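Chemist:
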Amino acid sequence: MQNFIEFKNNKVYFSSEGEGSAVLLLHGFLESSFMWKELSRELLETHRVICIDLLGHGKTGCIGYVHAMEEMAEAVNEVLKSLRIRRVTIIGHSMGGYVGLAFAEKYLDKVKGICLMNSTSQADSEERKELRLRACKMAQTNYEALVKMSITNLFAETSRTKFAKEIEAIKKEALKTPVQGYIAATKGMRERKNREKVLRKIDKRLIISGEKDPILLKELVTTEGIRTETPVVFLPLGHMSYIESNKVLTIKVKEFLG
Ligand code: MLT
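Right under this line is the structure:
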């Protein structure tokens, strides 16, 4: 089923397929439910799979000039309510993980488990906050170059030639994100808070990260795993594990879902 719900005078796109315990897939920044095509095919064999286009991404419009993670989580809740789903396991890629944690903060009893895929419970560092502001400025004048550069930078260096075709396709998809969606999500991520305590409260949890993720450094992810008592699995390459380490990622997610 592919559908829309109304949320704050806008339409939020989602799909829901399959039967069994519900898995919610939340995409990252400049992505959309499109990214889950392959993984969801695998998960559908045993689970009900729900994909949502987050605010300002994919087929979901913008509702403001800052899309706070909490607001994205509200939209997610409305979708689940419309489907009458009471509990889900969340797999969140990067920004999708931030939204998943914001959702868990509000609706802990609806969360069976969370897998932070190339994502973190930490807030932005001051340096990253500064970079985000610069990106918002550049988005207004040189959007295409900014998006293309941002996407390339998510891949480990060794992946950039190996996955050249996939990277081009992702850039094309990313460029469908309107400038407003880019800026609103960037500001929302910039102001997100540390949700380490929320992560600890979720019964079943896992962090999947990339050894060479340029955004989430291995040492920091390792210590986050120790502090939050969350198992961490490192895959060999960068931030885009679903492309760069596709097969092993699928295995790890399936193991996590059980
Ligand atoms: C993402 O892939 O969702 C973003 O790179 C996350 C971020 O910028 O923190």
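Residue numbers for the sequence shown, in this note's numbering: 1 to 258.
Glycine is no exception: its CB is placed at the ideal position from the N, C-alpha and C atoms.
Values in this document were obtained by computation on a predicted structure and should not be read as measured data.
(1) Hey, could you find the ends of the alpha helix (DSSP H) residue 17 is sitting in?
(2) For residue 133, which residues in the same chain have their Cβ closer than 8 Å to its Cβ, ignoring the five residues on either side in sequence?
(3) Taking residue 199 as the reference, give the member of 90, 52, 48 with the closest Cα.
(4) Taking DSSP as the reference, what is the three-state secondary structure of residue 48?
(5) Could you pull the DSSP bridge partners for residue 113 from this structure?
(6) Where does the unbroken beta strand (DSSP E) through residue 75 begin, and where does it stop?
(7) Please report the straight-line C-alpha distance between residue 248 and residue 256, rounded to a whole angstrom.
(8) I'd like to check one pair, residue 18 with residue 259: are the Cβ atoms closer than 7 Å?
(9) Could you tell me if residue 142 is buried or exposed, where buried requires 16 or more neighbouring beta carbons within 10 angstroms of its beta carbon?
(10) Please find out if some non-hydrogen atom of ligand 1 comes closer than 6 Å to the beta-carbon of residue 94.
(11) Would you tell me roughly how many angstroms separate the C-alpha atoms of residue 86 and residue 227, rounded to the nearest one?
(12) Comparing alpha-carbon positions, which option in 207, 186, 31 lies nearest residue 260?
(13) Using the C-alpha atoms, what's the distance from residue 65 back to residue 233?
(14) Whole angstroms is fine: what's the gap from residue 214's alpha carbon to residue 105's?
(15) Give a yes or no on whether the C-beta atoms belonging to residue 99 and residue 138 are separated by under 7 Å.
(16) May I have the straight-line CA-CA distance separating residue 9 from residue 53, to the nearest angstrom?
(17) Counting beta carbon pairs with one atom in the region 233–243 and one in the region 142–157, are three or more of them shorter than 8 Å?
(18) Between the alpha carbons of residue 203 and residue 59, how many angstroms are there, rounded?
(19) Going by DSSP, what residues sit across from residue 181 in a beta bridge?
Modeler: Inspection of the coordinates gives the following:
(1) For the purposes of this step, residue 17 is identified with residue 17 of the sequence shown, where counting begins at 1. Note, residue 17: premise wrong, no alpha helix (DSSP H); beta strand (DSSP E) at 10–17.
(2) For the purposes of this step, residue 133 is identified with residue 133 of the sequence shown, where counting begins at 1. Answer for residue 133: 190, listed in chain order.
(3) In the sequence shown, residue 199 corresponds to position 199, counting from 1. The candidate whose alpha carbon is nearest that of residue 199 is 90.
(4) What you label residue 48 is simply residue 48 of the sequence shown in a count that begins at 1. Strand.
(5) Counting from one through the sequence shown, the residue named residue 113 turns up at place 113. Residue 113 is bridged to 89, 204.
(6) Numbered from 1 along the sequence shown, position 75 holds the residue referred to as residue 75. Residue 75 -> not in any beta strand (DSSP E); alpha helix (DSSP H) instead, spanning 69–82.
(7) Here residue 248 refers to the residue found at position 248 of the sequence shown. Here residue 256 refers to the residue found at position 256 of the sequence shown. Whole-angstrom Cα-Cα distance: 12 Å.
(8) A query on residue 259 cannot be resolved here, the shown segment of the chain reaching from 1 to 258 and no further.
(9) Reading the sequence shown from its first residue, position 142 is the one you call residue 142. Exposed, by the Cβ-count rule.
(10) Position 94 of the sequence shown, counted from the first residue, corresponds to residue 94. Indeed, a heavy atom of ligand 1 lies less than 6 Å from the Cβ.
(11) As a first step, residue 86 is located in the sequence shown; it is residue number 86 there, counting from the start. As a first step, residue 227 is located in the sequence shown; it is residue number 227 there, counting from the start. In a straight line, the C-alpha of residue 86 is about 29 Å away from that of residue 227.
(12) The chain is shown from 1 up to 258; residue 260 falls before or after that span and cannot be answered.
(13) Position 233 of the sequence shown, counting from 1, holds the residue named residue 233. Position 65 of the sequence shown, counting from 1, holds the residue named residue 65. So the two alpha carbons sit approximately 35 Å from each other.
(14) As a first step, residue 214 is located in the sequence shown; it is residue number 214 there, counting from the start. As a first step, residue 105 is located in the sequence shown; it is residue number 105 there, counting from the start. Cα to Cα, the separation comes out at about 27 Å.
(15) Position 99 of the sequence shown, counting from 1, holds the residue named residue 99. Position 138 of the sequence shown, counting from 1, holds the residue named residue 138. It is not a contact, given that the beta carbons lie outside the stated cut-off.
(16) Position 9 of the sequence shown, counted from the start, is the residue given in the question as residue 9. Position 53 of the sequence shown, counted from the start, is the residue given in the question as residue 53. Roughly 16 Å between the two C-alpha positions.
(17) yes
(18) The sequence position of residue 203 within the sequence shown is 203, counting from 1. The sequence position of residue 59 within the sequence shown is 59, counting from 1. Roughly 32 Å separates the two Cα atoms.
(19) Counting from one through the sequence shown, the residue named residue 181 turns up at place 181. Per DSSP, none; premise fails for residue 181.
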